[in-house]
Amino acid sequence: MEGNKKSKVVIIGGGIVGCAIAWELAKYQLDVTLVEKQPDLAMETTKANSAILHAGFAARPGTLKARYNVRGLALYRQWEAALGLEIEYVGSLVVARQAAEKEKLAELLAWGEANGVPDLELLDREAVLALEPALSPEIAGALWAPGAAVIWPFGAALAFAENAVANGARVMTDCEVRSIAIAAGRVAGVETSRGFLPADVVVNAAGVWADDISRMAGDDSFTITPRKGEYVLFDRAASGKVRHIIFPIPTAVSKGILISTTVHGNMFIGPNAQPAAGKDDTATTEAGMAEVIAGAQKLMPDLPLGKAIVEFAGLRAGSDRGDFIIGNSAAVDGLVQAAGIESPGLTAAPAIAERIGELLCERWPNLKKRADHIPDNPKTVRFSKLSAAEQAALIEQNPLYGRVICRCELITEGEIIAAINRPCGARTVDGVKRRAGTGLGRCQGGFCGPRVVLILARELGVPVTAIVKDAAGSSLFMDKLPGHCEVLKP
Amino acid sequence: MKNEVRKISCIVCPMGCVGTVEVRGGIAVRAAGFTCKRGEAYAVDEVTAPRRVLTSTVRVVGGVLPLAPVVSSRPLPKEQLLPAARCLATMQVAAPVQEGQVVVANLLGLGVDMVATRAIAVA
Amino acid sequence: MRRQNCDVAVIGGGPAGLAAAVSARRHGAQKVLLLERDRELGGILQQCIHNGFGLQRYDEELTGPGYASRAARALEAAGGVEVQLDTMVVGLTPDKVLRTVSPAAGLQEVQAKAVVLAMGCRERTRGAIRIPGERPAGIYTAGAAQRMVNMEGYLPGKEIVIVGSGDIGLIMARRMTLEGAQVKAVLEIMPYSNGLTRNLVQCLDDFNVPLYLSHTITRIEGKSRVTSVTCMAVDENRCPIPGTEKTFACDCVLLSVGLIPENELSEATGIALDPLTGGPVVDQHRETSVPGFFAAGNVLQVHDLVDWVSAESDIAGRSAALFARQLRPAPEKTLLLQAGSGVRNVVPQRLVCQPGQAEAVRLFIRVAQPARNVRLRCLCQGETCYERRLPIVKPSEMVVVELPSAAYQPASGLLTIAVEEAAP
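If you want it as structure tokens, here you go:
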């Protein structure tokens, strides 16, 4: 690097991987920009997955998945306090339903030991049922991994992005990549819906779209074939039954239909693994729901199906390589791939980011870390988690913390406004939901959703009719003015 | 002229009788299938001159809420419900609004007033 | 933190809370505190701008806001009720300590002598009925949409499919039609409607809105905003019948698929709930399983008429006042009431009896199926102790029966309410 001119890095994709990369690269003296085509971060694969930090026994030793899974989990542990991540180390069980399946448990144990996963233990039937009394009494045993955790994936992506912004990175949402400029065989920049961004390096973290992005730069060495996973989420009131992450014996294609709790205490079941009709096919299906329920009932026959509050589907961004694709593109100089990121991608994200940082250090040997790097994110106020004295003081300071907007989750107007006004702040109803937690409860925003729309419009200074649910075009309300709703001719 | 036979679900009481009324030239000539006189009378009204109370909203200017709920002072002819509601959509009233205040007098010349059903204070 | 004491704390300022607070005052509670989370009293009535309320209680046909205003005036006339608006109860202990938050008063702790639960109910959502498909914008519960249309001045869509034929769904079909929208269909999975006949006639038939009975929504399409929904006819087991798919182009889906009593506070306090009603188990005085806690209105059972809500809340408010004044005698015996054949649920679920008690007890009964010409019986140990003929019963309309003391005074143990076809 000459003089003060910083090398320019554009990261494509604002999911957990892109955000972690932005966070990692913002530690360096680099000019970092993250672009995301959706109105908010973490809107695709990061939004809808099993939300698990895997212990690291399920990936075959020697793969990138195995290496980055174990390293990623360690990095989450190292950074969770500074970044303010929501993680619960609940531990996971892989449950053998018949004696014959116990062989597979021994194999997973061996993989785990080879991958360097600590504290793995084979449990007999009684020990498993003591941990999870609601499991089917038919089970034969389980592999216990106390290090596995559940995490709030959106919160993690946002925390990475917020910290990146605090350290000088730019995050541009509603910013779709249209083409990648190549000059003299090297990456020169990115043409986006929000203008041209010059770049020395482009990092491809585009999830299910990563092969399209790669092809834009002239590298067609891999294909992403999204696979859909469907889930059912339950009311917290019905969720006390499950305390750990409960996997069945994995299949060749996935870790199987599991039962787990979210970091917010809601039980959920899923995912199945079905071909997706396209890269935006997140529709749930009747057959898929039946498959998920039947699968989970094999582990836990007495599911509280009447307490289901939402079903959703997400896409796995798996590639034809069978492993993560991390590294410099062989075809184009300046294109760095972070692609084919399927499970355990969420766990691996900070380790993948660390690896991308190393690659840039190799490219630019004089690259230095910032001396003024800020490691800590400002704390997010969660009113319901405060002591009575803290709550009273907070309302005294700002009375809007005394107005409860989301009744199910006890979220106040003060928290909603903070979610809108912080870096990478919420612009959409679901953006508020994911940052502040509104509408995640049993009424799923039925009551607070319209109120959040009104608060967003007021805080952003835009008409109510401009507020969208999540994606571009997902508008919610029309003005009640003559002519706006005239389908019938009076 | 042939008699027209109309099927009517009675709403007078929870019995919910479904009967028929024969009409000739706009006049009910026979009703059948209703268990009581009140039901029969309702059914005859329904086929000859059905009327409904209209409730809707009128835009409020300068109020704590943007709309005032209103109710018609009397039932109006059923076929006038939609035109009346679409007409109300074009009207507005200034805050404050009192409960019972006539917000729109003689709507569409039907001889029916629209009355506010709650108060809206000035913002 | 602010602290205060009161005789009776009423949680919720809708029709139930308003009536309970007034009744508590009338029966001698000195200090009554009414806690309401919205910025005004009246609860859901404020958004129910249609008429049809109050015929029983006020002998006059009122709109929702009109009924609310009557109830609020009664509160003013009663005097001595401290109303706190914009105030949410966030904690409730079995020894009757309430914790509240509000912008104006911050955190507050209230020690009450008796508590009336009047939190109402909430709407069931999409998750509860599991509609496959995308998750685009344009799907609202009917009540949430009703508030936007009637109070905030915004419309949820132009071309609408309503799922469920409960009264709110029917009322919204008319409302949206009057706003100029086109209601393409109302889908009802059961072979009968869950709404009042009057609403079927005046909200659907009047505007030629088609009602599809025995039909269920099977799919929602649309990436960012709803573009269509597909429904299918169902068989007698409510399973979709292949080949019956119908697709409606629309930009909005309104869900009217049932109401759930809002009992999270009750549950946290250890109050026993009836799985059939979703509300607390109560005696005829509306006392719950935890002494000094009373419940009334939709938090107890989802009512069809607000007039019954008010009447029930009169009882709860009175009982709470007497409890606070330590004037509730211990019962001599307790009878249990249960739903028998043909009955979905009965409120109250318990009868407490004093020696010489002579008043009839009003029972609210939801039947399991619509039927004509039925016999309603109250059975004790196989013997009929009360019987009544009813020309018609429907699940959507509560059956209200006054059980005379002669029927329950001699009884012991368990009383069963059954509704069966009468012999011709």
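So the protein sequences, as listed, match chains A, B and C. Counting in the numbering used here, the first sequence runs from 2 upward without gaps. Counting in the numbering used here, the second sequence runs from 1457 upward without gaps. Counting in the numbering used here, the third sequence runs from 3 upward without gaps. Glycine included, every Cβ here is placed at the ideal spot set by N, Cα and C.
Could you name the residues of chain C that residue 1541 of chain B contacts, counting a contact when the two beta carbons are closer than 9 Å?
Near residue 1541 of chain B (Cβ distances below 9 Å), the residues of chain C are 179, 180, 181, 182.
Can you check which of these residues, A/192, A/338, A/319, A/381, is closest to residue 327 of chain A by C-alpha distance?
Ranking the options by Cα distance to residue 327 of chain A, first place goes to A/338.
Kindly identify the DSSP beta-bridge partner or partners of residue 197 of chain A.
Residue 197 of chain A is bridged to A/192.
What is the residue span of the beta strand (DSSP E) that residue 352 of chain C lies within?
Residue 352 of chain C -> beta strand (DSSP E) spans 352-355.
For the beta strand (DSSP E) containing residue 388 of chain C, list its first residue and its last residue.
Looking at the DSSP string, the run of the beta strand (DSSP E) that includes residue 388 of chain C is 385-395.
Cα-Cα, which of A/455, A/236, A/168, A/477 is closest to residue 379 of chain A?
Of A/455, A/236, A/168, A/477, the residue nearest in Cα terms is A/168.
When you compare the CB positions of residue 418 of chain A and residue 460 of chain A, do they come within less than 7 Å of one another, or not?
In contact: residue 418 of chain A and residue 460 of chain A (Cβ atoms closer than 7 Å).
DSSP state of residue 66 of chain C, grouped into three classes?
Note: residue 66 of chain C maps to helix in three-state DSSP.
What are the boundary residues of the beta strand (DSSP E) that includes residue 93 of chain C?
That run of the beta strand (DSSP E) goes 90-94.
Between which two residues does the beta strand (DSSP E) carrying residue 202 of chain A extend?
202-205 is the span of the beta strand (DSSP E), which, as asked, contains residue 202 of chain A.
Taking only runs of the beta strand (DSSP E) that begin and end inside the segment 254-308 of chain A, which ones reach a length of at least 3 residues, in chain order?
You should have 259-262, 268-271.
Is residue 398 of chain C close to chain B? Criterion is C-beta to C-beta, closer than 7 Å.
No, residue 398 of chain C does not count as interfacial toward chain B.
Note the first and the last residue of the continuous beta strand (DSSP E) segment covering residue 254 of chain C.
Residue 254 of chain C -> beta strand (DSSP E) spans 254-257.
With a cut-off of 7 Å, does the C-beta of residue 393 of chain C fall near any C-beta of chain B?
Judged by the 7 Å Cβ criterion, residue 393 of chain C is in contact with chain B.
Looking at the structure shown, is residue 1560 of chain B part of a helix, part of a strand, or coil, going by DSSP?
Of the three classes helix, strand and coil, the one that applies to residue 1560 of chain B here is strand, per DSSP.
Under the DSSP definition of a beta bridge, which residues are partnered with residue 86 of chain C?
Looking at the DSSP assignment, residue 86 of chain C forms a beta bridge with C/37.
For the beta strand (DSSP E) containing residue 340 of chain A, name the first residue and the last one.
Here the beta strand (DSSP E) through residue 340 of chain A covers 336-340.
Exposed or buried, residue 278 of chain A, counting other C-beta atoms within 10 Å across all chains shown (16 or more means buried)?
Exposed, because fewer than 16 other Cβ atoms sit within 10 Å of the Cβ of residue 278 of chain A.
Per DSSP, what are the beta-bridge partners of residue 31 of chain A in this structure?
Partner(s): none; residue 31 of chain A has no beta bridge.
For the beta strand (DSSP E) holding residue 220 of chain C, just list the boundary residues, first then last.
Counting along the chain, the beta strand (DSSP E) containing residue 220 of chain C begins and ends at 217-223.
Can you name, in chain order, every residue of its own chain whose Cβ lies under 8 Å from the Cβ of residue 392 of chain A, other than the five neighbours on each side?
Around residue 392 of chain A: 384, 402.
Residue 154 of chain C versus chain B: which residues are under 9 Å apart at the beta carbon?
Per Cβ cutoff of 9 Å: 1521, 1522, 1523.
Excluding the five sequence neighbours on either side, which residues of its own chain have a C-beta within less than 7 Å of the C-beta of residue 225 of chain C, listed in chain order?
Result list for residue 225 of chain C: 136, 138, in chain order.
In the structure shown, what three-state DSSP assignment does residue 1571 of chain B receive?
DSSP places residue 1571 of chain B in strand when its eight states are reduced to three.
Give the single residue among A/114, A/11, A/30 whose Cα lies nearest to the Cα of residue 374 of chain A.
Closest option to residue 374 of chain A, Cα to Cα, is A/30.
For residue 145 of chain A, which residues does DSSP report across the bridge?
BP columns for residue 145 of chain A point to A/94, A/122.
Which residues, taken in chain order from the segment 370-404 of chain A, show a beta carbon closer than 7 Å to some beta carbon of chain C?
Result list: 389, 392, 393, 396, 397, 400, 401, 403, 404.
Output needed for residue 98 of chain C: all residues of its chain with C-beta closer than 8 Å, excluding positions within five of it in sequence on either side, in chain order.
If we look at residue 98 of chain C and ignore the five residues flanking it on each side, its Cβ neighbours are 11, 113, 114, 115, 116, 117, 294, 295.
Return the Cβ separation of residue 1477 of chain B and residue 1464 of chain B in integer angstroms, given the expectation that the two are a contact with Cβ distance under 8 Å.
That belief holds up - the Cβ atoms of residue 1477 of chain B and residue 1464 of chain B are roughly 6 Å apart, short of 8 Å.
Within this structure, are the beta carbons of residue 103 of chain C and residue 13 of chain C separated by less than 7 Å?
Not a contact, by the Cβ cut-off of 7 Å.
From A/476, A/409, A/267, A/448, pick the residue whose C-alpha is nearest to that of residue 428 of chain A; which is it?
Among A/476, A/409, A/267, A/448, the Cα nearest to that of residue 428 of chain A is on A/476.
With residue 371 of chain A and residue 28 of chain A assumed to form a contact (beta carbons below 8 Å), what rounded beta-carbon distance in angstroms separates them?
Confirmed, Cβ separation roughly 6 Å.
DSSP on residue 493 of chain A, reduced to helix/strand/coil?
Residue numbering for chain A in the displayed model covers 2 to 491; residue 493 of chain A lies beyond these limits and cannot be assessed.
Do we get a CB-CB distance below 7 Å when we pair residue 1570 of chain B with the residues of chain C?
Judged by the 7 Å Cβ criterion, residue 1570 of chain B is not in contact with chain C.
In chain order, what residues of the segment 422-433 of chain A put their CB closer than 9 Å to some CB of chain B?
So nothing in the stretch comes that close.
Does any residue of chain A have a CB that is nearer than 7 Å to the CB of residue 1511 of chain B?
False, the Cβ-Cβ gap to chain A never drops below 7 Å.
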